[in-house]
Amino acid sequence: MALLAESDRLAQTPRSLIAKCCRSVIEDIRRSLLNDDSNFDSDALREEAILERIHDAIHDASRPNLRSVVNGTGIVVHTNLGRSLLSEDAIAAVSQASRRYSNLEFNLETGRRGIRYAAIEAVLREISGAEAGMAVNNNAAAVLLCLDTLAKGREVVVSRGELVEIGGSFRIPDVMAKSGAALKEVGTTNRTHPRDYENAIGPDTGLLMKVHSSNFSVVGFTASVSLKALAEIARKHRLPVMEDLGSGSFIDLSDYGMIKEPTVQESVAAGADVVTFSGDKLLGGPQAGLIVGKKAIIAEIQKNPLTRAFRIDKMTLAALEQTLREYRDPRQALTRIPTLRMLTCPVSEIDAKAADCLRAIRNIASSSLDIQKIDLISRIGGGALPLQELQSKGLTFRIAGMSANAIERAMRRFSPPVIGRIEKDLFILDFRTIHTDDIPVIGKAVAHILENRPS
Ligand SMILES: *Cc1c(COP(=O)(O)O)cnc(C)c1O
């Protein structure tokens, strides 16, 4: 049992888990023997071989299922890979909030029960220009909550061009149905005019709603009603107007050469009574759904029992407060918030990372390996700016005897997993989303693949 005894980590592994792994490996071997498995190698019966398998089984069972991966897709807000990474200060705030008691719902002035949203309300007001603000679990919850509060049992007027499906089964018409509000579609897919809204308004109308087409674009013969114009119609009929912004950015990315996306401040200024947006898309914070708007509306939402069900947790709140604070100085936000830093990263910096990696891997002398640096286009992801192409740099990997799919699979199964993409039958890593610390990992993954490649 030398192999088992030498590992410190094993000493901390529950005995029951070690026993379970031993039994399952032995059971596996027994089954192969009984089945006369033709692939069975008698070498596998050597003591060291058995111990090694047990060791591997324990290693697999001990490591967390939620693991870090290297994101080589170039997609900055990649929903399947965890969307936004937090700033260092936000990470510190999460750690503090989870280690110590806090005034989460405790008013330190009065010594009485406080309001959970107090931590973010002032900074949200400050950076958005809205009268009030709060946050729930995610933007899907925020939209449902607003509809339920403002329009349950009434009609909500929405343009047919804005009946969005976000993915993961979030569809505006379905959310509407869940909230108990009735969807009143107006206009057509490509064109909606002010009179379409005007004609749809009746005694049952409860809300006018605008949904940002975050993940698609309608081009050609199109017309839509601006939020400002919609807010005027709403005021005339004494109705509230809501905008689901989706991504919700506080920084105008068109200043950095990107396509114009409405900012939260602009939506508030254009007259929206309530605006909802995600915490972990372009905002670059934790998963959350932010709601800003008129004081009376936010107060009403806070009284809705659904708010309790969608309540944001303290670690998220801590990260969110810190992320929002970074926006007080937009230049700081751009350098400190990883999502914004990666989106606005100059190509020359991405190129330097790709070149470093290329140099590191070239040390692995192998005639079977061919790596090239190439120009790439990366995408933002997360249902934001779908048409935005970002100039990027990456590496292509060719390994003799392996298809692009086989390389992709081997990279993905490495520990830690390296996730790339396949383009034109080549495995590609895009360095926009690759951190300098990831470079040695990529080198190890390549070396491992070369060693274990089918001969
Ligand atoms: C992404 C998105 C949502 C859902 O937001 P989550 O934070 O993922 O729940 C809702 N509406 C729009 C327009 C979106 O783009």
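If you read the sequence shown in my numbering, its first letter stands for residue 499, the second for the next number, and so on.
Note that the Cβ used here is the ideal one computed from N, Cα and C, for glycine as well.
For residue i, the three-state DSSP class (helix, strand or coil)
| i | result |
| --- | --- |
| residue 575 | coil |
| residue 948 | helix |
| residue 840 | helix |
| residue 918 | coil |
| residue 500 | At residue 500, the pLDDT of 47 sits below 50, so the modelled position is not reliable; the number obtained from the coordinates is stated separately. Reduced to three states, the DSSP call for residue 500 is helix. |
| residue 526 | helix |
| residue 757 | coil |
| residue 789 | strand |
| residue 799 | helix |
| residue 772 | strand |
| residue 709 | strand |
| residue 927 | strand |
Contact belief for residue i with residue j at Cβ below 8 Å, rounded distance in angstroms
| i | j | result |
| --- | --- | --- |
| residue 787 | residue 902 | That belief does not hold up - the Cβ atoms of residue 787 and residue 902 are roughly 38 Å apart, past 8 Å. |
| residue 779 | residue 745 | 4 Å |
| residue 567 | residue 549 | In fact, because the Cβ distance is near 29 Å, the residues do not count as touching under 8 Å. |
| residue 951 | residue 892 | No, residue 951 and residue 892 are not in contact; Cβ-Cβ is about 22 Å, not under 8 Å. |
| residue 710 | residue 681 | About 17 Å; that fails the 8 Å criterion. |
| residue 627 | residue 767 | 6 Å |
| residue 927 | residue 940 | 7 Å |
| residue 919 | residue 571 | 5 Å |
| residue 867 | residue 905 | No, residue 867 and residue 905 are not in contact; Cβ-Cβ is about 10 Å, not under 8 Å. |
| residue 656 | residue 699 | With 8 Å as the limit, residue 656 and residue 699 do not qualify as a contact, their Cβ atoms being about 13 Å apart. |
| residue 669 | residue 721 | About 23 Å; that fails the 8 Å criterion. |
| residue 882 | residue 759 | 7 Å |
| residue 652 | residue 702 | 6 Å |
| residue 636 | residue 785 | 6 Å |
| residue 869 | residue 888 | The Cβ separation is near 22 Å, so there is no contact. |
| residue 774 | residue 640 | 4 Å |
| residue 719 | residue 884 | Not confirmed; about 19 Å, so no contact. |
Same chain only: Cβ atoms within 8 Å of residue i, ignoring 5 sequence neighbours per side
| i | result |
| --- | --- |
| residue 576 | 569, 879, 880, 931 |
| residue 458 | Since the first residue of the chain shown is 499 and the last is 953, residue 458 is not available in this structure. |
| residue 886 | 756, 757, 877, 878 |
| residue 624 | 826 |
Cut-off 6 Å between Cβ atoms - residues of its own chain near residue i, not counting five sequence neighbours on either side
| i | result |
| --- | --- |
| residue 834 | 585, 824 |
| residue 820 | 587, 588, 591 |
| residue 830 | 824 |
| residue 526 | none |
| residue 605 | 612 |
| residue 947 | 908 |
Sequence-distant residues of its chain with Cβ nearer than 7 Å to residue i (five each side left out)
| i | result |
| --- | --- |
| residue 600 | 812 |
| residue 519 | 552, 555, 556, 559 |
| residue 802 | 643, 646, 647 |
| residue 729 | 739, 768, 769, 770 |
Burial state of residue i (16 or more Cβ within 10 Å)
| i | result |
| --- | --- |
| residue 791 | buried |
| residue 764 | buried |
| residue 925 | buried |
| residue 717 | exposed |
| residue 678 | exposed |
| residue 797 | exposed |
| residue 761 | buried |
| residue 755 | exposed |
| residue 708 | buried |
| residue 647 | buried |
| residue 582 | buried |
| residue 543 | exposed |
| residue 771 | buried |
| residue 851 | buried |
| residue 673 | buried |
| residue 666 | exposed |
| residue 934 | exposed |
| residue 1011 | A question about residue 1011 goes unanswered here, because the residues of the chain that appear run from 499 up to 953. |
| residue 782 | buried |
| residue 943 | buried |
| residue 822 | buried |
Below-8 Å beta-carbon distance, residue i vs any chain C residue
| i | result |
| --- | --- |
| residue 631 | Included in the structure is just one protein chain, with no chain C present. |
Contact test: residue i Cβ vs ligand 2 heavy atom, cutoff 7 Å
| i | result |
| --- | --- |
| residue 667 | Ligand 2 is absent from the structure shown, which contains only ligand 1. |
**Request:** Entirely within the stretch 580-660 and at least 3 residues each: give me those beta strand (DSSP E) ranges in chain order.
**Result:** The stretch 580-660 contains these whole beta strand (DSSP E) runs: 630-634, 653-657.
**Asked** Which full runs of the alpha helix (DSSP H) of 4+ residues lie inside the stretch 654-707, going along the chain?
**Response** 670-677, 692-698
**Message:** Which runs of the alpha helix (DSSP H) at least 4 residues long sit entirely within the stretch 530-569? Give them in chain order.
**Reply:** 545-560
**Prompt:** Unbroken alpha helix (DSSP H) runs of length 4 or more, entirely within the stretch 827-905: which are they?
**Reply:** 828-834, 836-841, 845-860
**Prompt:** Taking the runs of the beta strand (DSSP E) that are 3 residues or longer, which of them lie wholly in the stretch 719-751?
**Reply:** Fully contained in the stretch 719-751 are the following beta strand (DSSP E) runs of length 3 or more, in chain order: 739-744.
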